[in-house]
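In the working numbering, the protein residues as written are 3 to 394.
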């Protein structure tokens with residue numbers, strides 16, 4: 003029985019989660035499939051993780067153009083795959099045109115991140131008809147595709163990322179000591195790791211600005227060092243990151259490692275994993291498997307859908323029912339007031355929020371105070387107009 007040929011198309015195989023995922027998939031395909039790989043350009047990091055003898059094509063371009071589209075179409079005509087599977091937004095754009103020109107019966111596009119670039123967001127509603135299915139790696143990505151790119155809900159499938167738990171496992175004491183020695187970390191050093199390409203999304207600049215502010219106040223621990231592992235993709239962001247790293251306050255607290263093949267050794271050597279991303283395709287894990295169990299993880303989580311009530315109200319948990327609001331307790335004890343019919347009426351929303359949330363500072367406190375003040379003004383205007391409260 004002939005094998006089903008699958009043509010994988012991705013811009014490059016440099017360090018990154020998407021690149022690792024496509025190689026994990028190729029390595030795990032059942033024998034009935036025959037994978038063929040194609041990239042924009044071949045100067046990358048991950049080629050050694052391809053299966054032995056893996057067929058691969060290199061278009062020899064940094065950016066796709068009409069000439070590269072013709073070359074990609076010719077490769078598809080020669081390979082005659084049954085399936086074209088592309089990864090990343092820019093590769094999806096060109097793969098669909100080339101697959102349509104070459105007559106490939108099935109085209110699968112993979113969207114692996116949120117905040118799609120505007121030029122692709124504007125065309126996704128039209129190009130979706132050239133995709134047999136669109137794969138996303140989280141509900142958040144699917145939500146943006148359906149809501150903002152106007153992709154049909156039944157066109158999107160969510161398949162979560164692959165993870166080799168046997169490879170990414172907690173280290174032994176000897177493995178951890180060897181990893182720390184490899185990265186020249188002193189026994190008393192507190193190592194923080196931020197893996198990811200340098201760019202606005204990963205928010206290295208926000209972390210460095212916070213570190214510099216702490217250092218100027220004398221609150222940054224002397225033994226703490228942050229390791230930044232990732233390629234310098236965005237030129238402006240990379241230049242600003244290097245500028246921060248050269249500042250006297252951070253000279254001994256920052257290490258720029260560029261792209262790293264053996265990311266597992268960095269996980270093993272570090273004490274904390276820092277995830278300050280502004281947005282991600284997947285929610286960051288609350289626990290890293292390959293770290294000492296005693297160490298917490300510093301992370302920043304962004305919600306992908308409607309925020310819970312506590313966020314919409316400006317911080318703190320949603321106002322709970324007063325502790326006394328139980329059967330057999332008076333409305334006064336329960337934190338409310340009684341109506342004419344003796345029924346219990348909760349106190350005004352602003353007072354309840356203040357009582358439940360407690361004192362607040364910063365922007366959360368300002369929002370809460372404004373909400374309470376707005377409620378007081380509305381009640382004052384109602385009384386001035388002679389409107390009576392029906393509960394009284």
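Here a beta-carbon is modelled for each residue, glycine too, at the ideal position from N, C-alpha and C. Please read these numbers as outputs of a predicted model, since none were measured by experiment.
Check                                                                                                                        : Outcome
When 5, 153, 196 and 56 are compared against residue 28, the one with the closest alpha-carbon                               : 56
Of the listed residues 113, 117, 146 and 123, nearest to residue 136 (C-alpha basis)                                         : 113
Residues of its chain near residue 234, where Cβ-Cβ distance is below 6 Å and the 5 sequence neighbours each way are ignored : 200 and 240
Neighbourhood of residue 202 by C-beta distance below 8 Å, restricted to the same chain and skipping five residues each side : 236, 239 and 280
Residue 265 - DSSP class collapsed to helix/strand/coil                                                                      : helix
Assigned secondary structure, residue 10 (DSSP; H/G/I helix, E/B strand, else coil)                                          : strand
Cβ neighbour criterion (16 or more within 10 Å) applied to residue 245                                                       : exposed
Where the beta strand (DSSP E) containing residue 112 begins and where it ends                                               : 108-113
Neighbourhood of residue 314 by C-beta, 6 Å cutoff - its chain only, sequence neighbours within 5 removed                    : With a pLDDT of only 34 at residue 314, under the threshold of 50, the placement of this residue in the model should not be trusted, and no figure is reported.
Cα-Cα separation, residue 118 to residue 91                                                                                  : 7 Å
Local Cβ density within 10 Å of residue 303, reported as buried at 16 or more and exposed below that                         : Its pLDDT being 39, under 50, residue 303 is placed unreliably in this model, and the coordinates cannot settle the point.
Residue nearest to residue 95 in terms of C-alpha spacing, selected from 13, 174 and 216                                     : 13
Candidates 75, 50 and 375, of which the one nearest residue 61 by Cα                                                         : 75
Cross-strand partners of residue 226 (DSSP beta bridge)                                                                      : 192
CA nearest to the CA of residue 256, picked from 263, 278 and 225                                                            : 225
Beta-ladder partner(s) of residue 85, from DSSP                                                                              : 8 and 108
Backbone CA spacing between residue 11 and residue 177 [nearest angstrom]                                                    : 36 Å
Length of the line joining the Cα atoms of residue 249 and residue 210                                                       : 10 Å
Residue 87 vs residue 63 beta-carbon contact at 8 Å                                                                          : no
Residue 105 versus residue 227 - alpha carbon distance                                                                       : 53 Å
Whole-number beta carbon distance between residue 77 and residue 52, since they are thought to touch under 8 Å               : Not quite, the Cβ-Cβ distance comes to about 17 Å (not below 8 Å), so this is no contact.
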